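Quick note on numbering: numbering that gives the first Met the number 0 labels position 170 of the sequence shown as 169, and the sequence is numbered without any gaps. Note that CB positions come from ideal geometry on N, CA and C, so glycine has one too. Keep in mind that this is a model prediction, so the values were computed, not measured. Everything below concerns the one structure shown next.
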Amino acid sequence: MTIGKTGATVAMKGAGYYSQSTRGAKDVIDNATGMLVEAVAAIPEPPANTPLQIADFGAADGGTSKKAIRETVVALRNRFPGRQILVTYTDLPSNDYSNLFKNILGLTEDQDNNYYTEFQDILVHACGIGFHRQLLPDASLDFGFSATAMHYISEKPCEINNHVHVVGAGVETRVAYAARAATDWENILLGRAAELRPGGRLVFMNFCKDEIGRYLGNTDGINMFDTFNQLWRGMHDEGRISDAEYLQASFPQYYRNTEEFSAPFQDVTSPVRAAGLRLISIHTGLVKCPYRAAFEDSSNSMTTREFAVSYIPTLRSWSETVFLNALDPSRSPEEREALIDLFYQRYEDLVAANPNGHAMDYVHCYIAIEKEL
Ligand SMILES: C[S@@+](CC[C@H](N)C(=O)[O-])C[C@H]1O[C@@H](n2cnc3c(N)ncnc32)[C@H](O)[C@@H]1O
């Protein structure tokens with residue numbers, strides 16, 4: 000059995016920083032919550048005396064999906080009154096589960112959508128094993144959901160020698176990442192196929208490369224990953240970080256396109272089809288960067304520095320661990336922290352000096368799947 004290595008290095012910034020700084024990811028989920036409600040309307044009634052089971056795969060601290068999970072719970076309660084509902088949150092072992100449970104129990108500042116305290120007979124579990132494997136018992140899941148998580152691949156097939164992300168890599172590297180992502184996607188689907196009850200549903204909102212080549216932070220302005228690379232490379236060229244530290248900072252991610260997401264459903268010989276999964280719908284969509292939108296709406300009452308200060312934390316919430324973990328372990332924690340602070344300070348200074356084109360627009364592929372009855 001192989002366990003992906005991504006878990007050793009990927010983590011959202013903890014202690015609540017993730018969902019406080021990631022309004023855009025919450026907007027993505029909130030805007031598409033209708034897909035979750037539709038899925039609930041389509042699932043068959045589970046056997047008598049069986050709890051309804053839903054899961055959020057790659058949930059981080061659970062803050063961004065709280066409203067959507069509440070609406071799913073409401074829809075389930077309306078359809079199947081009196082049933083226990085088991086909500087399982089999954090993520091990697093490195094995730095901040097303490098903050099996840101604080102969010103669910105309503106022990107944080109966010110007091111909205113506290114479905115756990117609002118409704119009776121809700122059970123909440125968490126699983127710290129990656130979603131490339133089966134996580135729940137056979138035929139026990141009624142509805143599975145995932146947002147902005149499945150672009151993480153289980154393992155980097157190679158380091159990227161000229162960039163921090165495969166979007167800027169050469170052809171050979173891109174092909175190796177695409178192959179890893181294809182195997183991972185099949186494993187994700189086979190895991191879910193085993194977990195789903197016949198007639199059960201999945202809704203995924205996955206980062207993607209859309210039909211015109213757009214992806215996170217690369218829509219119509221400056222490419223965010225090129226900026227990360229330029230700044231990290233600059234620290235290398237100044238001698239602040241070593242060759243190895245430059246090389247090790249790359250994201251274990253791949254943005255699949257619609258064809259890549261659809262492939263296992265279209266190939267009649269694929270194990271995913273044999274396992275009973277069918278694609279119901281697939282489309283791409285863009286959600287604007289809320290920090291950029293607030294800056295534009297402020298009609299110059301917000302300074303460029305204020306915009307930069309509001310914007311950088313949303314990048315930092317999910318990217319910091321990649322750069323931090325690339326630094327040599329022989330450096331003291333203070334030295335590492337100072338280098339990372341300098342890196343993001345430079346990004347902030349760049350945006351404050353000229354904010355034109357800086358925005359982290361979200362580009363997603365929205366996918367609904369069912370398991371045959
Ligand atoms: C950008 S966050 C998204 C969190 C939340 N779903 C949202 O939409 O705001 C990505 C999450 O996926 C998790 N993740 C990455 N690889 C994973 C894997 N193999 N299995 C489970 N979770 C994973 C990360 O740890 C992180 O919490």
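- The three-state reading of DSSP puts V267 in coil, since its state is none of H, G, I, E or B.
- In the DSSP annotation of this structure, the continuous segment of the alpha helix (DSSP H) that includes I311 starts and ends at 303-325.
- Non-local beta-carbon contacts of N256 in its own chain, meaning distances under 7 Å to residues more than five positions away in sequence, involve C207, K208 in chain order.
- Residue pairing by DSSP places M204 opposite A146, Y365 in a beta bridge.
- The beta-bridge partner set that DSSP reports for T49 is empty.
- Boundaries of the beta strand (DSSP E) around I84: 84-89.
- Separation of L285 and T21 (C-alpha to C-alpha, rounded to the nearest whole angstrom) is 16 Å.
- For V170, the enclosing alpha helix (DSSP H) stretches over residues 170-194.
- The three-state secondary structure of S280, taken from DSSP, is strand.
- Collapsing the DSSP output to three states places K66 in a helix.
- Selection D266, E244, F227 evaluated against E185 yields D266 as nearest (Cα-Cα).
- Relative to the non-hydrogen atoms of ligand 1, the Cβ of W317 comes within a distance shorter than 7 Å of at least one.
- Boundaries of the beta strand (DSSP E) around H124: 121-126.
- When distances are taken from the beta-carbon of D219 to the heavy atoms of ligand 1, even the shortest one reaches 7 Å or more.
- Ranked by Cα distance from A125, the options I68, N161, V86, D111 are led by V86.
- For E319 and L372, the gap between their C-alpha atoms comes out near 43 Å.
- Taken from the Cβ of Y151, at least one heavy atom of ligand 1 lies inside 7 Å.
- Taking a cut-off of 8 Å for Cβ pairs, the region 291-309 and the region 320-327 do not touch, as fewer than three such pairs fall below it.
- Around the beta carbon of D95, 16 or more other beta carbons sit within 10 angstroms, so the residue counts as buried.
- The DSSP-derived three-state label of K25 is helix.
- Contact between K66 and N112 holds, with the beta-carbon distance rounding to 5 Å and staying under 8 Å.
- In the structure shown, A54 falls within a strand segment according to DSSP collapsed to helix, strand and coil.
- A distance criterion of 7 Å places the beta-carbon of S64 in contact range of ligand 1, judged by its closest non-hydrogen atom.
- Excluding five sequence positions before and after I339, the CB atoms of its chain that fall closer than 7 Å to its own CB belong to E319, F322, L323, given in chain order.
- Fewer than three Cβ pairs drawn from the region 331-349 and the region 192-211 lie within less than 8 Å of each other, which leaves the two stretches out of contact.
- As computed with DSSP, N98 is found in no beta bridge at all.
- Excluding its 5 nearest sequence neighbours in each direction, P45 has C-beta neighbours in its own chain below 7 Å: L51, D141, R196, listed in chain order.
- Its Cα nearest to that of N48, the residue G81 stands out among G81, P136, G33.
- Considering only N161, V350, P332, I187, the residue with the shortest C-alpha distance to Q133 is I187.
- In this structure, D90 sits near A58, with a CB-CB distance shorter than 8 Å.
- About 18 Å separates the beta carbon of R330 from that of L230, a gap too long to meet the 8 Å contact definition.
- For C364, the CB contacts under 7 Å within the same chain, skipping 5 residues up- and downstream, are N205, C207, T257, F260, I281, T283 in chain order.
- For P332, the uninterrupted alpha helix (DSSP H) segment begins and ends at 332-352.
- In this structure, DSSP gives Q247 a helical state, which the three-state scheme calls helix.
- The shortest C-alpha to C-alpha distance from P156 to any of A168, F144, G169, Y176 is the one to Y176.
- One thing to note: E70 has its Cβ no nearer than 8 Å to the Cβ of V123.
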